[in-house]
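Undergrad:
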Amino acid sequence: MSKKRKKIKQQEGRKKENHPSKNPVLKKTYLKILEHVCSQTDCETAFKLLSKDEKTNAFGHRVYVESLKFENKGAVAKDALKFFTSYVQNFYSDNILKLQRDLEAELTNFEILVGLQFLTSLDYVVGERKKQLQIAFTPMRVKLGALEEMLQTIVYHYAITANSTNIFNDTVYNLKFDFDVKNYPTVGMHYSSNLEAIPCRSSNYIENGNLRKVFQLGYLDYGFTMNWVFVPVKSLQGVYRGDKKELPLCIQNHAYNRLLERLKPLSGIDIIHQLSYTLQTSLKIEIYKGNILIPYFHINLKCGYFLGVINKNRLIIKTFLFLTHHYTPEGDKLEKALGLSKEEISYWKIGSLENFFGSNLETNHEMMEAFEDAGISHLFTVQSLGYEKEQRNYNWEALNEYINLGKTELFDEGAEDEMLEELVEEGLDE
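What follows is the structure in structure tokens.
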């Protein structure tokens, strides 16, 4: 027993000696980071004016970023574990949050937090010296802004990252951010990240005798709360005749696949994030020729519609229709302007964003006029949203010539079989 007590005593002694407040190496490293922040915010001279006690005070109010922790870790898939662990590590070592007032100064997110935390430590200085230091470090305060603003921005990044990865057909994830002043194990402001695994809400849907899975959609708000999406029945304009006041909004995997496929070359993360944003802020229902359509916008450009059906008090998204497709208001207008059938739109490959991206019709006024009349000429301007413009080789002149010739020759040799295979795959989803 005596040996055991002695061993514990030795461990406690080592812990005390290695406590960060007793560690000059950690203090020197941290103050070096603070000095770099000062040099990047025009406060290099001000840093040199700090006394030894004031630097110790700054170290005593330092920033500590904890490793990612997990709620119900056993439910977290390996790929999600790897992705979110890497994300948290990289977030604080990257310069994701640029200095708004001086884009030339590059600081990592951790360094920005160090600077902001140092500014708060000045509140503990007393007398005339406090006023002197606050004046000396005014340039830093101006460039870094307020700590509260930085914390709100981190919350925003965490929420949109989780929303951009959740497609609700499997486990969904909630990446939570929190902060607190602690005295142990490291004194200072502690920033923590927690990953929560949330089971998806799935149910069965029978279509033409086939059993399909559907999944209720949702989104994380900036309070890190999962909000499952419901649609008020008053927005269904008499299409629904049940006694519920709202219906859960569900989606098939097929709709996800069509959405990602038909909006290439936009990235999947951007597309899913925009879907999440739509669910939060601008979810609308349109009834067109008896069909339930939910408009999808990428940033501020309409790209298409989700096609929904009502089944057992659920609104189920079956597929995604691009703007040129039939059964959409714009697609029907384009059919009238160009005289193209559903099969011809598929054959000429104008049923997805890819051949619009980076193309222009500046010399083809007749074709551009048709797209303008249909209300979809904006599809040629998607690269204006900041995506790199790619040179496309799509032959709009050939399509225009085909239309002017009265569509006498639709198929090249072997093309008919290829098109029919595509139509069989799509089935009735369009």
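Each number in the numbering used here comes from the position in the sequence shown (counting from 1) with 1 added on.
Ideal Cβ placement from N, Cα and C applies to all residues, glycine included.
It should be emphasised that the depicted structure is a prediction, and the values quoted were computed from it without experimental measurement.
State yes or no: is the C-beta of Ser277 within less than 7 Å of the C-beta of Asn91?
TA: Taking 7 Å as the Cβ cut-off, Ser277 and Asn91 do not qualify as a contacting pair.
Undergrad: Could you pull the start and end residues of the alpha helix (DSSP H) that Ser283 belongs to?
TA: Segment: none, Ser283 is in no alpha helix (DSSP H) and carries neither H nor E.
Undergrad: Do you know how far the Cα of Thr166 is from the Cα of Asp374?
TA: If I take the Cα positions, the gap works out to 37 Å.
Undergrad: Compute the Euclidean distance between the alpha carbons of Phe60 and Ser268, then round it to the nearest angstrom.
TA: Distance between the alpha carbons of Phe60 and Ser268: 42 Å.
Undergrad: Would you kindly check if the distance between the Cβ of Ser236 and the Cβ of Ile286 is under 7 Å?
TA: It is a contact, given that the beta carbons lie within the stated cut-off.
Undergrad: Which same chain residues, not among the five before or five after Asn258, have their C-beta less than 6 Å away from its C-beta?
TA: Nothing listed; no residue qualifies.
Undergrad: Tell me the DSSP bridge mates of Ser68?
TA: DSSP, once it has assigned bridges, lists no residue as partnering Ser68.
Undergrad: Please identify the residue among Val232, Ile295 and Ile318 whose C-alpha is closest to the C-alpha of Ala256.
TA: Of the listed residues, the one whose Cα sits closest to Ala256 is Ile318.
Undergrad: Return helix, strand or coil for Pro200, following the three-state DSSP convention.
TA: Pro200 falls in the coil class under three-state DSSP.
Undergrad: If you reduce the DSSP assignment to three classes, tell me which class Thr172 lands in.
TA: Coil, per DSSP.
Undergrad: Let me confirm a value: Gln238 is counted as buried when at least 16 other C-beta atoms fall within 10 Å, else exposed. Which label applies?
TA: Exposed, because fewer than 16 other Cβ atoms sit within 10 Å of the Cβ of Gln238.
Undergrad: Is it true that the CB of Val89 sits closer than 7 Å to the CB of Ala198?
TA: Contact: no.
Undergrad: In terms of alpha-carbon separation, which member of Asp181, Ile311, Gly219 and Asn205 lies closest to Lys245?
TA: Nearest C-alpha to Lys245: Ile311.
Undergrad: Report the rounded CA-to-CA distance for Leu302 versus Thr46, giving the unit in angstroms.
TA: Looking at the two C-alpha atoms, the distance is approximately 49 Å.
Undergrad: Could you tell me which residues DSSP pairs with Tyr297 in its beta bridges?
TA: According to DSSP, which records beta bridges pairwise, Tyr297 is partnered with Gly305.
Undergrad: By alpha-carbon positions, which one of Leu114, Lys33 and Gly219 ends up nearest to Pro249?
TA: Measuring from the Cα of Pro249, the nearest candidate turns out to be Gly219.
Undergrad: Thinking just about the alpha-carbon of each residue, which of Gly116, His37 and Phe84 is nearest to the one in His62?
TA: The residue with the shortest Cα to Cα distance from His62 is Gly116.
Undergrad: For Cys39, which three-state DSSP category applies?
TA: Cys39: helix per DSSP, three-state reduction.
Undergrad: Using the beta-carbon count (16 or more within 10 Å), is Gly243 buried or exposed?
TA: Result: exposed.
Undergrad: Give a yes or no on whether the C-beta atoms belonging to Leu322 and Leu335 are separated by under 7 Å.
TA: Taking 7 Å as the Cβ cut-off, Leu322 and Leu335 do not qualify as a contacting pair.
Undergrad: With three or more C-beta pairs closer than 8 Å as the rule, is the stretch 323-333 touching the stretch 346-353?
TA: The answer is yes - the stretch 323-333 touches the stretch 346-353, with three or more Cβ pairs under 8 Å.
Undergrad: Excluding the 5 residues preceding and the 5 following Lys132 in the sequence, name in chain order all residues of the same chain whose CB lies nearer than 8 Å to its CB.
TA: There are no such residues.
Undergrad: Around the C-beta of Thr30, are 16 or more other C-beta atoms found within 10 angstroms, so that it is buried, or is it exposed?
TA: Under this definition Thr30 is an exposed residue.
Undergrad: Which residues does DSSP list as the beta-bridge partners of Asn292?
TA: DSSP, once it has assigned bridges, lists Tyr289 as partnering Asn292.
Undergrad: Rounded to a whole number of angstroms, what is the C-alpha to C-alpha distance between Leu50 and Cys44?
TA: Distance between the alpha carbons of Leu50 and Cys44 is about 10 Å.
Undergrad: With a cut-off of 7 Å, does the C-beta of Ile34 fall near any C-beta of chain D?
TA: Absent here is chain D; the protein component of the structure consists of one chain.
Undergrad: With distances taken from CA atoms, which of Ser378, Asn170, Tyr192 and Ser203 is nearest Val66?
TA: Closest option to Val66, Cα to Cα, is Tyr192.
Undergrad: Spell out the partners DSSP gives Asn211 in its beta bridges.
TA: Note: Asn211 sits in a beta bridge opposite Glu208.
Undergrad: Residues in its own chain within less than 7 Å of Pro140 by CB, not counting five upstream and five downstream?
TA: Thr42, Asp43 and Cys44, listed in sequence order.
Undergrad: Pick out whichever of Arg263, Tyr157, Lys214 and Pro266 has its Cα sitting closest to the Cα of Leu221.
TA: Cα-wise, what sits closest to Leu221 is Tyr157.
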